[in-house]
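Novice:
2 protein chains.
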Amino acid sequence: MVNVNNKKIPASTISRLFVYLRELSELIKVNINTISSAELGERTNLSDAQVRKDLGYFGQFGVSGSGYNTQELKAALEKILGRDKTWNVAVVGAGHLGMALLTYPGFADHGLNIVAAFDSKAKKIDRKIGDVTISTIDDIEKIIKAKNISIAIIAVPAQSAQAVTEKLVEAGIECILNFAPAALAVPENVKVKDVDLSRELETLSYFLVNKKA
Amino acid sequence: MVNVNNKKIPASTISRLFVYLRELSELIKVNINTISSAELGERTNLSDAQVRKDLGYFGQFGVSGSGYNTQELKAALEKILGRDKTWNVAVVGAGHLGMALLTYPGFADHGLNIVAAFDSKAKKIDRKIGDVTISTIDDIEKIIKAKNISIAIIAVPAQSAQAVTEKLVEAGIECILNFAPAALAVPENVKVKDVDLSRELETLSYFLVNKKA
DNA sequence: CAAAGTCTGTGAATAATGGCACAAACAATG
DNA sequence: CATTGTTTGTGCCATTATTCACAGACTTTG
């Protein structure tokens with residue numbers, strides 16, 4: 019849950035706004051100018067009520083009897099979500115996952131620029147991936163500060179994740195996306211979002227285990 | 019939420035059980051035989067009450083006054099979660115993300131064996147990544163059935179995700195881990211778990227937008 | 001321009017989840 | 001073996017999130 023001008027807003031609402039935003043971009047591409055909450059919900063696998071309630075936290079954007087103007091709603095969401103801003107991102111760990119993130123085409127469109135990569139293995143250092151050159155982990159603090167990086171992605175093995183986290187925190191990072199299957203200890207001003215791929219798959223497999231034959 | 023013998027169990031509980039399981043393995047490695055809910059919570063960034071409540075859905079595993087036996091609890095969780103079983107997994111899309119998943123070392127330890135990979139680009143077909151040879155997407159149904167695959171990972175661009183999904187469903191797949199930023203339409207017997215990397219990062223960045231300076 | 005139809009915005013109801021707090025169970029100690 | 005200290009298991013409560021449902025606003029149509 020997040021505080022915005024004295025209102026409590028569910029974090030899941032914020033997350034869904036990005037989904038609406040993406041869908042609105044698609045709609046605009048195909049020249050659809052108006053959409054109802056019901057249809058926007060349909061296209062995002064959400065209920066119409068959910069769509070309206072989520073938007074309702076931030077104001078009134080719709081027109082009774084016709085729905086939402088796609089361009090206007092998109093503009094409003096971009097403002098709410100701060101999509102006029104861009105962020106510099108660092109990837110720590112240049113294994114397969116780190117490499118995939120470095121070359122993932124989806125980030126740039128969303129104001130997320132990967133501008134640095136770090137690894138501990140001497141063999142990888144100074145290799146260039148796209149526009150980014152891999153640096154040694156010892157330079158984290160220096161480079162994070164020099165390049166004004168505000169988000170870090172941890173893609174190192176679990177056993178080195180805490181040590182990396184501490185370096186990042188020391189460098190002033192306050193947002194971490196963590197792919198390592200480890201519970202990171204951080205000061206409370208630092209926000210960590212865990213993405214645990216094995217766990218996602220395992221949780222999914224539990225569905226198979228538990229299904230009646 | 020999941021139904022287990024007439025009880026409603028939060029999906030998040032199931033997901034956390036895998037975290038406890040992983041931590042218990044670590045504890046056993048360093049010869050710790052007993053652990054309290056408080057300490058297990060500490061090590062997994064969860065509250066003691068949460069740990070006890072999660073376990074409580076499935077029975078009584080602890081001993082008042084001392085805590086849980088790590089070996090016994092691990093065995094119990096493995097049974098609950100069906101970790102005696104193994105699952106065959108297919109990756110659809112052999113771009114950078116698909117490649118990262120194909121070579122991710124964490125899955126095999128968890129009973130998740132990637133046994134097939136698919137791509138639409140002729141250039142990639144017949145390439146061998148580890149033990150897996152990339153096949154054409156047209157062979158999805160044939161190979162899924164032949165190799166007894168029960169979980170599919172979608173790592174293709176958003177615009178082809180729905181088409182791939184339909185092929186998978188037709189082939190009998192009931193569990194999908196979806197990395198494409200698209201809302202997949204599936205029959206209700208099919209379980210989809212979305213992992214939306216851009217969205218995770220964006221949601222994280224919102225924390226920066228909204229933070230008081 | 002009236003009547004019928006559509007769709008929003010939102011309070012109120014419901015559902016889901018997590019935390020509290022304490023009795024009961026067991027352990028440890030001398 | 002009684003006393004003190006720990007820790008579990010769980011009913012109850014608080015909080016959060018989602019859905020319902022409908023009045024009111026707007027559109028469309030003839």
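So the protein lines, in turn, are chains A and B. One gets our numbering by counting positions in the first sequence from 1 and adding 18 to each. One gets our numbering by counting positions in the second sequence from 1 and adding 18 to each. Glycine residues also receive a C-beta, built at the ideal position from the N, C-alpha and C atoms.
Would you call A:Glu192 buried or exposed, if buried means 16 or more other Cβ atoms sit within 10 Å of its Cβ?
Specialist: buried
Novice: Excluding sequence positions up to five away, which residues of its chain have a Cβ less than 7 Å from the Cβ of B:Pro175?
Specialist: Ala198
Novice: So, with DSSP's three-state summary, where would you put A:Ala179?
Specialist: helix
Novice: At a CB-CB cut-off below 9 Å, which residues of chain A make contact with B:Met117?
Specialist: His114, Met117, Ala118
Novice: Restricting to Cα atoms, I'd like to know which of B:Glu188, B:Val213, B:Leu35, B:Phe125 is closest to B:Lys163.
Specialist: B:Glu188
Novice: Let's see if you can read the secondary structure: which residues bound the alpha helix (DSSP H) around B:Leu95?
Specialist: 88–99
Novice: Can you give me the start and stop residues for the alpha helix (DSSP H) that B:Val32 sits inside?
Specialist: This sequence places Ile at residue 32 of chain B; Val is not what is there. Element bounds for B:Ile32: 29–47.
Novice: Note down, in chain order, each residue of its chain lying with its Cβ closer than 8 Å to the Cβ of B:Lys26, except the 5 sequence neighbours on either side.
Specialist: Met19, Val20
Novice: Is there a Cβ from chain A that is less than 8 Å from the Cβ of B:Ser28?
Specialist: In the sequence as presented, Ser is not what sits at residue 28 of chain B; that position holds Pro. No, its Cβ sits nowhere closer than 8 Å to a Cβ of chain A.
Novice: For B:Ala29, which residues in the same chain have their Cβ closer than 7 Å to its Cβ, ignoring the five residues on either side in sequence?
Specialist: Met19, Val20
Novice: Is the CB-CB distance between B:Gly74 and B:Arg101 below 8 Å?
Specialist: Contact: no.
Novice: Rounded to whole angstroms, what is the Cα-Cα separation between A:Ala200 and A:Gly80?
Specialist: 43 Å
Novice: Which residues does DSSP pair with B:Lys185 in a beta bridge?
Specialist: DSSP lists no partner for B:Lys185.
Novice: Quick check on the DSSP output: the beta strand (DSSP E) that includes B:Lys165 runs from which residue to which?
Specialist: Note, B:Lys165: premise wrong, no beta strand (DSSP E); not H, not E.
Novice: Please compile the residues from chain A whose C-beta is within a distance smaller than 7 Å of the C-beta of B:Glu96.
Specialist: Within 7 Å of the CB of B:Glu96, no CB atom of chain A is found; the nearest one sits about 11 Å away.
Novice: At a Cβ threshold of 8 Å, is A:Val37 touching chain B?
Specialist: yes
Novice: Does the Cβ-Cβ distance between B:Leu195 and A:Leu219 come in under 8 Å?
Specialist: yes
Novice: Looking at the strands, I want to know which residues DSSP matches up with B:Val22.
Specialist: Per DSSP, B:Lys25.
Novice: From what residue to what residue does the beta strand (DSSP E) around A:Ala112 run?
Specialist: Neither: A:Ala112 is in no beta strand (DSSP E) and is coded neither H nor E.
Novice: For A:Ala231, decide whether its Cβ has a neighbour in chain B, counting only Cβ atoms nearer than 8 Å.
Specialist: Confidence at A:Ala231 is low in this model, with a pLDDT of 46, below 50, so the placement of that residue should be treated as unreliable; the coordinate-derived value is given next. Answer no: the Cβ-Cβ gap between A:Ala231 and chain B never drops below 8 Å.
Novice: May I ask you to list the residues that DSSP assigns as paired with A:Thr154?
Specialist: A:Asp137
Novice: Whose CA, out of B:Ser54, B:Ser216, B:Leu186, lies closest to the CA of B:Ala203?
Specialist: Minimum Cα distance to B:Ala203 is reached at B:Leu186.
Novice: Do we get a CB-CB distance below 8 Å when we pair A:Arg145 with the residues of chain B?
Specialist: no
Novice: What did DSSP end up calling A:Thr221 once you bin it into helix, strand or coil?
Specialist: helix
Novice: Would B:Ala134 count as contacting chain A if we go by Cβ distances under 8 Å?
Specialist: no
Novice: Determine the DSSP secondary structure at A:Gly59, reduced to helix, strand or coil.
Specialist: helix
Novice: Just to make sure I have the definition right: I need the residues of chain A whose C-beta is within less than 8 Å of the C-beta of B:Glu184. Which are they?
Specialist: Under the 8 Å cutoff, chain A gives no residues; its nearest Cβ is about 16 Å from B:Glu184.
Novice: Between B:Phe76 and chain A, is any beta-carbon pair separated by less than 8 Å?
Specialist: no
Novice: Could you name the residues of the same chain whose beta carbon sits closer than 7 Å to that of B:Ile53, not counting the 5 residues immediately before and after it, in chain order?
Specialist: Leu45, Gly85, Tyr86, Thr88
Novice: Using the beta-carbon of each residue, which ones in chain B are nearer than 9 Å to A:Pro199?
Specialist: Val37, Arg40, Gly124
Novice: Can you tell me whether A:Leu130 is helix, strand or coil according to DSSP?
Specialist: strand
Novice: Using DSSP's beta-bridge definition, name the partner residues of B:Ala108.
Specialist: B:Ala134, B:Ala170
Novice: Among all the DSSP beta bridges, which residues are the ones paired with B:Leu195?
Specialist: DSSP output for B:Leu195 lists B:Ile171, B:Lys211 as bridge partner(s).
Novice: Ignore the nearest five residues each way along the sequence and tell me which others in A:Ala231's own chain have a CB closer than 6 Å to its CB.
Specialist: Annotation note: pLDDT 46 at A:Ala231 (below 50); position unreliable, coordinate value reported separately. Counting only Cβ-Cβ distances below 6 Å, and skipping sequence neighbours, we find nothing.
Novice: Rounding to the nearest angstrom, what Cα-Cα distance links B:Thr31 and A:Asp144 in this structure?
Specialist: 43 Å
Novice: For A:Ile172 and A:Gly111, which I take to be in contact (beta-carbon distance under 8 Å), what is that distance rounded to the nearest angstrom?
Specialist: 7 Å
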